[in-house]
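*Asks:* For what it's worth, the numbering used here labels the leading residue of the sequence shown as 36, then goes sequentially.
C-beta atoms are modelled at their ideal positions from N, C-alpha and C, and glycine is treated no differently.
All values derive from a computational prediction rather than experimental measurement.
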Amino acid sequence: MEVEYDKLAQQLFNAHNKIREEPKSFIIKLKKWSKNFREKTLFLLNENPLETFEGVNAVEEAIRFLSVQKSVPKLNYSEELSKAAKDHAMDIGENNLHGHEGSDGSILSDRIERYTEWDESCAESIDLGFKTADNIILNLLIDDGSSGRNQRINLFSTNYKFIGIGCAFHKTYNHCSVFVYSKALRDLGQAPNVSINFMQDYIQKTFFKRYVVNKFQEEDPDAPDDTIDIKVIKCNKIVAGKDKKITKKIYTLQDKSLHIMEIEEN
Numbered sequence: 036m037e038v039e040y041d042k043l044a045q046q047l048f049n050a051h052n053k054i055r056e057e058p059k060s061f062i063i064k065l066k067k068w069s070k071n072f073r074e075k076t077l078f079l080l081n082e083n084p085l086e087t088f089e090g091v092n093a094v095e096e097a098i099r100f101l102s103v104q105k106s107v108p109k110l111n112y113s114e115e116l117s118k119a120a121k122d123h124a125m126d127i128g129e130n131n132l133h134g135h136e137g138s139d140g141s142i143l144s145d146r147i148e149r150y151t152e153w154d155e156s157c158a159e160s161i162d163l164g165f166k167t168a169d170n171i172i173l174n175l176l177i178d179d180g181s182s183g184r185n186q187r188i189n190l191f192s193t194n195y196k197f198i199g200i201g202c203a204f205h206k207t208y209n210h211c212s213v214f215v216y217s218k219a220l221r222d223l224g225q226a227p228n229v230s231i232n233f234m235q236d237y238i239q240k241t242f243f244k245r246y247v248v249n250k251f252q253e254e255d256p257d258a259p260d261d262t263i264d265i266k267v268i269k270c271n272k273i274v275a276g277k278d279k280k281i282t283k284k285i286y287t288l289q290d291k292s293l294h295i296m297e298i299e300e301n
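1. Given that a residue counts as buried once 16 or more other Cβ atoms are within 10 Å of its Cβ, and exposed if not, what is His294?
2. Once you ignore the five residues that flank Lys66 on each side, which residues in its own chain have a CB closer than 8 Å to its CB?
3. Using 8 Å as the cut-off, can you tell me whether the segment 187-197 makes contact with the segment 130-145, which would need three or more C-beta pairs spanning the two stretches below that distance?
4. Looking at Lys284 and Ile298, is the spacing between their C-beta atoms short of 9 Å?
5. Pairs of beta-carbons, one from the segment 174-193 and one from the segment 85-97, closer than 8 Å: are there three or more?
6. Only counting the same chain, and skipping five residues up and downstream in sequence, which positions put a Cβ closer than 8 Å to that of Ile147?
7. Please name the residue in Gln289, Ala124 and Glu253 whose C-alpha comes closest to that of Phe209.
8. Mark Ile24 as exposed unless 16 or more other C-beta atoms lie within 10 angstroms of its C-beta, in which case mark it buried.
9. Between Lys280, Leu288, Cys270 and Asp257, which has its C-alpha nearest Met296's C-alpha?
10. Per DSSP, what kind of secondary structure is Tyr195 in: helix, strand or coil?
11. So Tyr286 packs on Ile198, CB below 8 Å; how close in whole Å?
12. Do Asn185 and Leu288 have their CB atoms nearer than 9 Å?
13. Return the residue from the list Asp255, Leu80, Cys202 and Leu176 that minimises the CA-CA distance to Ile54.
14. Thr151 and Leu47 - do their beta-carbons sit closer together than 9 Å?
15. So within the segment 100-146, which uninterrupted alpha helix (DSSP H) runs reach at least 4 residues, ignoring any that extend past its ends?
16. So the beta strand (DSSP E) Ala44 belongs to, where does it begin and stop?
17. CA-CA distance, Thr167 and Lys64?
18. I'd like the list of long-range same chain contacts for His51, defined as Cβ closer than 8 Å, with 5 residues on each side in sequence excluded.
19. Whole angstroms are fine: how far does the CA of Asn92 sit from the CA of Phe78?
20. Spatial neighbours of Val38 within its chain, please: CB distance less than 7 Å, with the 5 preceding and 5 following residues excluded, ordered by chain position.
21. Since Ser323 contacts Asp169 with CB under 8 Å, what's their CB separation in whole angstroms?
22. Whose CA, out of Asp122, Gln45 and Asn49, lies closest to the CA of Phe204?
23. According to DSSP, Phe61 sits in a beta bridge with which residue or residues?
24. In three-state DSSP terms, what is Ile263?
25. Going by other Cβ atoms of all chains shown within 10 Å of its Cβ, with 16 needed for buried, is Thr262 buried or exposed?
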């Protein structure tokens with residue numbers, strides 16, 4: 036069956052907001068999944084068999100999660116973030132990749148900044164293989180093999196307000212879908228409404244109150260709990276027509292996803 040990727044992206048946007056607004060409505064879908072395992076391989080109608088790490092146990096854990104998950108606000112659709120998502124989907128599909136780094140070495144923030152400015156934080160989730168909206172959302176929710184369940188966190192996070200989605204053919208997995216999230220957006224070159232230095236004040240006020248759970252947080256309280264690596268890049272960026280010095284902090288999480296923050300230097 037040929038997939039209309041632009042249509043699938045729209046269906047994914049609707050399904051993504053559906054699970055945020057009505058989490059329990061997806062429990063029945065998960066229960067159907069749980070009946071289609073043979074050992075750790077999932078067999079679904081009109082989908083390729085999926086070899087999983089955790090098998091049905093991860094599905095049952097996701098059911099327990101949804102049973103207590105509260106409704107969260109819908110995300111706003113962003114055409115600019117969708118362009119960034121589609122760029123990456125087409126890139127990893129054509130070049131047979133599967134991670135968050137592009138074939139040109141680009142990372143998430145690079146791709147977003149081709150089309151718009153983002154504030155405070157951004158994130159990216161990737162699904163490989165599935166071709167229907169519900170199955171893709173359920174796969175992100177289950178987040179098989181990820182101890183931090185970061186793609187699930189992205190699904191329900193109230194930290195992000197905007198989302199973009201892009202889908203494409205993949206040479207190995209047949210289909211790939213990319214989800215890009217951001218808390219706030221601005222036009223290219225537009226100054227932020229709130230100084231992005233606000234995080235420095237926040238850090239000073241809360242650093243000694245925060246429980247440190249990994250070695251990275253000893254030096255950087257912004258580091259998420261499941262950080263396994265930090266890369267800091269100093270760069271210049273045009274903001275409101277002025278050349279600004281920016282520190283870009285790129286956190287690699289346990290599931291190899293990236294969490295990125297920018298801080299403007301004084």
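*Replies:* In short, the structure shows the following:
1. buried
2. Ile98
3. no
4. yes
5. yes
6. Glu115, Leu116, Ala119, Trp153, Cys157, Val215 and Ser217
7. Per the sequence presented here, residue 209 reads as Asn, with Phe not at that position. The residue with the shortest Cα to Cα distance from Asn209 is Ala124.
8. Only positions 36 to 301 of the chain appear in this structure, which leaves residue 24 out of reach.
9. Asp257
10. coil
11. Not confirmed; about 20 Å, so no contact.
12. yes
13. Leu176
14. no
15. 114-129
16. First-last for Ala44: Tyr40 to Glu56, but that is the alpha helix (DSSP H), not the beta strand (DSSP E).
17. 13 Å
18. Leu110, Ile172, Leu190, Ile198, Ile200 and Phe214
19. 15 Å
20. Lys166 and His210
21. No information on residue 323 is available, as it lies outside the stretch 36 to 301 that the chain covers here.
22. Asp122
23. According to DSSP, which records beta bridges pairwise, Phe61 is partnered with nothing at all.
24. strand
25. buried
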